[in-house]
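Going down the list, the sequences are from chains A and B. Its first residue numbered 234, the first sequence is counted upward by one per residue in this note's numbering. Its first residue numbered 78, the second sequence is counted upward by one per residue in this note's numbering. Don't be surprised by glycine CBs; every beta carbon is placed ideally from N, CA and C. Notes to accompany the following structure.
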Amino acid sequence: MSSSVAQLLPVLAAAEGGLNWHGFFFLLFALLACCLAVAVVLADNVVRMAFYLVLSLGATAGLFFLAGAEFVGAMQLMIYVGGTLVLLIFGVMLTAQEPFVSIKTPVRDKVLAGLVGGALLAVLIQAALSGPAWSGSAAEGGGGVALAAGQPSATPLGMALVGIRVDGDVASGEKSPEDGQVRSGYLLPFEIVSVHLLVVLVGAAYLARSKRRKSSGGQGADLSTGGMR
Amino acid sequence: MNLLSDPVGVSHYLIVGAILFTTGIVCMVVKRNALGVLMGIELVLNGANVNFVAFGSPVLRGEQASILGLDGQLMALFVILLAAAEAAVALAITLNFYNNHATVDVDRADDLKG
Numbered sequence: 234m235s236s237s238v239a240q241l242l243p244v245l246a247a248a249e250g251g252l253n254w255h256g257f258f259f260l261l262f263a264l265l266a267c268c269l270a271v272a273v274v275l276a277d278n279v280v281r282m283a284f285y286l287v288l289s290l291g292a293t294a295g296l297f298f299l300a301g302a303e304f305v306g307a308m309q310l311m312i313y314v315g316g317t318l319v320l321l322i323f324g325v326m327l328t329a330q331e332p333f334v335s336i337k338t339p340v341r342d343k344v345l346a347g348l349v350g351g352a353l354l355a356v357l358i359q360a361a362l363s364g365p366a367w368s369g370s371a372a373e374g375g376g377g378v379a380l381a382a383g384q385p386s387a388t389p390l391g392m393a394l395v396g397i398r399v400d401g402d403v404a405s406g407e408k409s410p411e412d413g414q415v416r417s418g419y420l421l422p423f424e425i426v427s428v429h430l431l432v433v434l435v436g437a438a439y440l441a442r443s444k445r446r447k448s449s450g451g452q453g454a455d456l457s458t459g460g461m462r
Numbered sequence: 078m079n080l081l082s083d084p085v086g087v088s089h090y091l092i093v094g095a096i097l098f099t100t101g102i103v104c105m106v107v108k109r110n111a112l113g114v115l116m117g118i119e120l121v122l123n124g125a126n127v128n129f130v131a132f133g134s135p136v137l138r139g140e141q142a143s144i145l146g147l148d149g150q151l152m153a154l155f156v157i158l159l160a161a162a163e164a165a166v167a168l169a170i171t172l173n174f175y176n177n178h179a180t181v182d183v184d185r186a187d188d189l190k191g
């Protein structure tokens, strides 16, 4: 059965003739992510859009795991799916009055946006296929390459965030820390991002605070003065 | 190159990123619900993240070293953090707009129109 699947989609064929599980899970997660992203666009109901978005971001986290970036994948699951989407769904629930659950867009606008989006997609895919630098691909060895070749990435990421780069053979390859080239870590961006996050959360809480009592008091005062006149 | 016969490489991830990016752009343009526009922004950032991770991946180019190395994963982490911050502020603005105008339709946000 696995050989017939491999004949149908040659990306799944491993060198040994078995099913290439790396390719299989890549296809699964990629199809899930793309189809659910399209479903976000096509859905009219905002609650369903939020649900499709959760699933699409989760499938993207699966893609990150397959690419050997398991720490980023875990952060994607925790921060995006666990944090940002919960925030979004709270927003949906707070504003989901009956007329706003599904706001229809005119068909003319949809067609126009589809045309422009299709053109953009054509340009991007053409660029993605034409770069010689990234056309090399993984894995003559077939299935287990992603798990075998990658070592856990959490330690180098954490060291880079406190300013120390422990990864010897990055990017330009031959430049190692010994030849006088000091590759800086990410201590300063990390601090900037953390302060930024603090300021943003304080600002968001300030913006979203309830002002209902004051405004209703103002309307009441207007009504009372109107009544007195 | 033939996408369906080559083993999974950077180009495959770039195509997934392009599709996510385009759907995000279309979502931002088409939706009239402010929260729908916000979801489009999340999709765009996510597509960019797929590209960063693909370029920084240690396994997708076989024997060759990755193009971005660890930088790609760190950029993806920063993008995730900034997207969380952006979502918080945008939701606060949306709630404020909803409190003031009793709607989340972005076409009704024309107070500044001359």
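By the rule that beta-carbons nearer than 8 Å mark a contact, G391 (chain A) does not touch chain B. Note on geometry: alpha-carbon atoms of A131 (chain B) and K190 (chain B) lie some 43 Å from one another. The residue from B:L159, B:Y90, B:D148 and B:A179 with its alpha-carbon nearest to that of R398 (chain A) is B:D148. When A:G418, A:G256 and A:L286 are compared, the shortest CA-CA separation from A266 (chain A) is found for A:L286.
If you ignore the 5 residues before and after G396 (chain A), its C-beta comes within less than 6 Å of the C-beta of G418 and L420, all in its own chain and listed in chain order. Listed along chain A, the residues sitting closer than 7 Å to L151 (chain B) by beta-carbon distance are L390, A393 and Y419. Taking 8 Å as the CB threshold, H89 (chain B) lines the interface with chain A. Interface residue (Cβ-Cβ distance to chain B less than 8 Å): M326 (chain A) is not classified as such.
In this structure, the straight-line span from the alpha carbon of H89 (chain B) to that of Y439 (chain A) is close to 43 Å. Our two residues, L269 (chain A) and T293 (chain A), have alpha carbons roughly 11 Å apart in a direct line. Taking C-beta atoms under 8 Å as the contact rule, S143 (chain B) and A302 (chain A) fail to qualify, at a distance of about 10 Å.
Rounded to whole angstroms, the separation of the alpha carbons of R138 (chain B) and F297 (chain A) is 15 Å.
When beta bridges are read from the DSSP output, D182 (chain B) appears opposite B:N110. Non-local C-beta neighbours of L288 (chain A) in its own chain, meaning closer than 8 Å and more than five positions away in sequence, comprise L265 and L269, ordered along the chain. Close to R109 (chain B), with beta-carbon spacing below 7 Å, are these residues of chain A in chain order: I336 and T338.
The beta-carbon separation of N110 (chain B) and V279 (chain A), rounded to 5 Å, stays under the 8 Å limit for a contact. Here the region 149 to 162 of chain B does not lie against the region 177 to 190 of chain B, with fewer than 3 beta-carbon pairs under 8 Å apart. Collapsing the DSSP output to three states places I157 (chain B) in a helix. The contact set of G295 (chain A) on chain B, defined by CB atoms closer than 8 Å, is empty, because the minimum CB distance reaches about 11 Å.
For Q309 (chain A), no alpha helix (DSSP H) segment is defined, and its DSSP state is neither H nor E.
Neighbours of G256 (chain A) in chain B, taken as residues at a C-beta separation under 8 Å, are given in chain order as P84 and V85. Where I425 (chain A) is concerned, the enclosing alpha helix (DSSP H) starts and stops at L420 to L440.
Ranking B:I92, B:Q150, B:H178 and B:L159 by CA distance to the CA of L394 (chain A) puts B:Q150 first. The closest CA to that of G256 (chain A), considering only B:V136, B:L112 and B:L158, is found on B:V136. Neighbourhood of L430 (chain A) in chain B, by CB distance below 7 Å: L158 and A162, in chain order. Taking the CA atoms as reference points, A346 (chain A) sits about 44 Å from M392 (chain A). Contact between the region 92 to 107 of chain B and the region 346 to 366 of chain A is established, with three or more Cβ pairs separated by less than 8 Å. Under the 10 Å beta carbon count, S386 (chain A) is surrounded by 16 or more other beta carbons and is classified as buried.
In the three-state reduction of the DSSP assignment, R138 (chain B) falls in the coil class.
Between G436 (chain A) and chain B, the shortest Cβ-Cβ separation is below 8 Å. For V287 (chain A), none of the residues of chain B pass the 9 Å Cβ criterion, the least Cβ distance being about 10 Å. Between the C-alpha atoms of P84 (chain B) and T328 (chain A) there is a straight-line separation of about 46 Å.
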